[in-house]
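The numbering of the sequence shown is our numbering, which starts it at 30 and goes up by one.
Down below is the structure, laid out as structure tokens.
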Amino acid sequence: REMLDINLFRAEKGGNPDLIRESQRRRFAKVEAVDEVIAVDVEWRQLQFQVDELRGQFGKKNKEVAMKKKAKEDADKEIAECKEIDVQIKAKEAECDAVSAKRDELLKGIGNLVPDSVPVSDNEDLNAIIRVSDLDKVLPADQMKEYKTVKELDDVCKKGEGKLSHVDLIQMLGLADTDRGATVGGNRGYYLVGDGVLLNQALINYGLSFLVPRGYVPLQTPFFMQKEAMAAVAQLAQFDDELYKVSGEGEDKYLIATSEQPIAAYHRNLWMDPKELPKKYCGLSTCFRKEVGSHGRDTLGIFRVHQFEKIEQFCLTQPEDDKSWEMLESMITASEGFYKSLGIPYRVVTIVSGALNDAAAKKYDLEAYFPGSGAYRELVSCSNCTDYQARRLETRFGTAGQKKAGGGQAAKQYVHMLNSTLTATERTLCCLVENYQTDKGMNVPEVLQPFMGGKTFIPFVKQLKDLKEKK
């Protein structure tokens, strides 16, 4: 199934292949791939024309057979000719299918169209800063100014005086046991313990209570998906670098890396009535990632782990009137509101074109400030995938069999799909302990206190010197 409309590659049918070429250039991807698709598509259309002609000949010859039989005349010659044409049709159809499969494979290598609002670069240091909150908590007064790229701000960020990192704080507060976690679960394994469980659960419950009043429908998803369903929502590279394969009796399944995957598949092969849209979900799930591409990064603590909980925003909109672009802004605004309510300094950045995954037309990241590390770290990724995923899933806009205003079958349209993290809770927990640390423990953010039985403070159960002696 194509992920860009094949008609966009057909200049003679009103398409605009130059638009796709420019988008590939912006992605720093293979521009020639567009012309490869066009060449194979031309070959496919020629073969399809030949199939249609043979079918026409078969139909005509079949009528001759019927007329001769009706007239009680000998039709052996015509029957033999019919059989011969049928053999030719089957051979040509097989050829046509093979070329179609080749075209679809080539289409998979072409990313979504990148709009003009995305900064063009393949250097993530140039991710553009859109908004910054609470900069006065990050920088001294003499450095308060407008910063346009993440590198400009990163170059002046420093570790907070006397602030500890989440790696030490998690152990000092007794929130997780990574030593026994690694013994039992292997690399990056962990147990949440005591207040760590309560704090993590508080983030989940607060996240749900934050989104539901904003019109989001909670959806708790399966943790694994069949290969065919996963192939419709995941990119090829994810199968190797991200997804865990689970082998069972006669069928292989894959553990989900995000609830975005099963929520997207939830709408597979559906027609979405305009009256149903927009649809807004808050997905709740545990997520599983191999993190193959992160070897050696964040190996300590629970910031980057193989198993974590997440609340995800997933939205579907109509494809017209910039509705999905309005929804993108609404979703990142919701995430910002969540972290504002937690009292976390953050910045919102637009990801450069060369760092976008194939499905995303545009992506914002919300990066929170970690004073113990002196750095901004990604907590939220928010993407508009337009109709790129919906085409693969056959999630159509309108009603089945709908007609054009002047009669005849209406052209296929697909809904637009968007996704955004609200909170990956273990990662958010790391950010909270750094921002709410005191010399005796950590304060519990006010909005989380009702979800922790009114608890306002978590004391240290170990001291830093004890951890260092243990090492």
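We treat Cβ as the ideally placed atom computed from N, Cα and C, and that holds for glycine.
Unbroken alpha helix (DSSP H) run spanning residue i, endpoints
i    : result
E365 : 352-370
M96  : 61-99
M259 : 256-260
A130 : 105-136
T207 : 207-214
A419 : 417-422
Q264 : Q264 -> no alpha helix (DSSP H), and no H or E assigned at all.
A293 : 289-295
R56  : That residue, R56, is in no alpha helix (DSSP H); it is neither H nor E in DSSP.
Sheet register partners of residue i (DSSP bridge)
i    : result
M481 : Beta-bridge pairing links M481 to no other residue.
Q172 : Bridge partners of Q172: none, in fact.
D281 : S276
M471 : Q466, I487
A404 : F399
C411 : Y393, S449
F38  : DSSP, once it has assigned bridges, lists no residue as partnering F38.
C344 : K309, L447
R425 : W300, Y443
Pairwise C-alpha distance: residue j and residue i
i    : j    : result
D269 : E320 : 10 Å
K304 : D350 : 15 Å
K491 : F480 : 25 Å
G191 : V262 : 45 Å
L240 : C344 : 12 Å
N413 : L299 : 20 Å
F426 : A286 : 27 Å
D154 : S382 : 12 Å
K180 : R406 : 13 Å
E341 : S288 : 7 Å
P307 : Q255 : 27 Å
K187 : Y398 : 11 Å
L458 : V473 : 11 Å
The beta strand (DSSP E) enclosing residue i, as first and last residue numbers
i    : result
C311 : 308-317
F486 : 486-488
F239 : Where F239 is concerned, there is no enclosing beta strand (DSSP E), although the alpha helix (DSSP H) it sits in stretches over 224-240.
Residue i classed as buried or exposed, judged by whether at least 16 other C-beta atoms fall within 10 angstroms
i    : result
M173 : exposed
D103 : exposed
G312 : buried
T346 : buried
Q200 : buried
G366 : exposed
S52  : buried
Where residue i falls: helix, strand or coil (DSSP)
i    : result
S449 : strand
K392 : strand
M32  : coil
P247 : strand
I158 : strand
L204 : coil
E181 : helix
K339 : strand
V378 : strand
L221 : strand
F253 : strand
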